[in-house]
Amino acid sequence: MTDNRQRIWLDWTPEGWLAKADFTDGEWAPTSWTHLAEAEQVKRNLEAINPGYRVVVAGVER
133 MTDNRQRIWL
143 DWTPEGWLAK
153 ADFTDGEWAP
163 TSWTHLAEAE
173 QVKRNLEAIN
183 PGYRVVVAGV
193 ER
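Just add 132 to wherever you are in the sequence shown, counting from 1, and you've got our numbering.
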């Protein structure tokens, strides 16, 4: 089954987590999560506050 939800791309940097989506104009934008937050927790939180979006961890998922 194909997941057709719009995507939020999530990427880790030493400074913290970045997100990219249509509402960031396709640019990487900082999130409020620090570099110490685990990917799964950030992913779940972003999906909870952005219903209708699928969060994809860059470099890990497609």
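Here a beta-carbon is modelled for each residue, glycine too, at the ideal position from N, C-alpha and C.
Note that the coordinates shown come from a computational prediction; the quantities given were computed from them, not determined experimentally.
| Asked | Found |
| --- | --- |
| Residue closest to residue 152, alpha-carbon to alpha-carbon, out of 182, 146, 161 and 145 | 161 |
| Cβ neighbours of residue 194 in the same chain (closer than 8 Å, five flanking residues each side left out) | Note that residue 194 has pLDDT 49, beneath the 50 cutoff, so the model's placement of it is unreliable and no number is given. |
| Nearest residue (CA-CA) to residue 165, options 138, 143 and 139 | 143 |
| Host beta strand (DSSP E) of residue 113 (start-end) | With the chain covering 133 to 194 only, the question about residue 113 has no answer from this structure. |
| Beta-carbon proximity of residue 141 to residue 163, cut-off 7 Å | no |
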